[in-house]
Ligand SMILES: [Zn+2]
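In the numbering used here, the protein residues as written are 14 to 225.
What follows is the structure in structure tokens.
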């Protein structure tokens, strides 16, 4: 049986984008997306420090297929910062779809970090926007608070959770993926690609039953 991981004061649980639009019935539903809510609520009770991210786009956001006449969701365009997948309109600021799932129950979360609010840049990662240059401020926040190990959960495993984990690791934080508290979109092999990249970066993927 795998070793248990004891949560300490320097650990933070980063709950990525558990919002209505990423759950069944939402505009960009991740299969089984709502199934992360129970495991995340349980997991959060083990952590003193929890940060939530919230995808938060203005209408007409560059990542929306509807902003590019003739283009369809899941097509890729070349944005000034590189390739960008086009998505259905989702998580529009102030909309019900942008709200957290109603059963998400983490009253002690210390920070809600909104991302994707720049109309011209998408932001998968909680640390950097998709130009890989514009920081969200999260790294500074975690450092100032002495939080050095980031446990990641949420939606989607192969996009926002993945890139958040990568950037955490590349920015010298320890990163741990809590796999049963994530669900993926799996677009063109993106889940397998994510696993390979996590392995390359030595980011462990663990079950929440190992966390005590
Ligand atoms: Zn988005």
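Quick reminder that beta carbons are idealized off the backbone N, C-alpha and C, glycines included.
* To do: Could I get the ranges of all uninterrupted beta strand (DSSP E) runs contained in the region 15-93, with 3 residues as the minimum, in chain order?
  => DSSP runs (the beta strand (DSSP E)) wholly in the region 15-93: 24-29, 63-68, 89-92.
* **Residue list, Cβ distance to ligand 3 heavy atoms smaller than 7 Å** => Absence of ligand 3 is noted for the structure shown, with ligand 1 being the only ligands found.
* Extent of the continuous beta strand (DSSP E) run through residue 174 -> Counting from one through the chain shown, the residue named residue 174 turns up at place 161. No beta strand (DSSP E) contains residue 174, which DSSP labels as neither H nor E.
* Could you check if residue 21 is buried or exposed, using at least 16 other CB atoms within 10 Å of its CB as the buried criterion? => Locating residue 21 in the chain shown gives position 8, counting from the first residue. With fewer than 16 other Cβ atoms within 10 Å, it is exposed.
* Residue environment, residue 207, which counts as buried when at least 16 other CB atoms sit within 10 Å -> Translated into positions along the chain shown, residue 207 becomes position 194. Answer is buried; the Cβ neighbour count reaches 16.
* When you compare each of 136, 56, 205, 178 to residue 162 by their alpha carbons, which one comes out closest? -> By one-based count along the chain shown, residue 162 stands at place 149. The shortest Cα separation from residue 162 among 136, 56, 205, 178 belongs to 178.
* **residue 183 - partner residues in DSSP beta bridges** => Walking along the chain shown from the start, residue 183 turns up at place 170. DSSP lists no partner for residue 183.
* Going by DSSP, name the residue or residues bridged to residue 164. => Position 151 of the chain shown, counting from 1, holds the residue named residue 164. BP columns for residue 164 point to 26, 189.
* Counted within 10 angstroms of its Cβ, other Cβ atoms place residue 157 as buried (16 or more) or exposed -> Against the chain shown, residue 157 aligns to sequence position 144. Looking at its Cβ environment, which holds fewer than 16 other Cβ atoms inside 10 Å, residue 157 is exposed.
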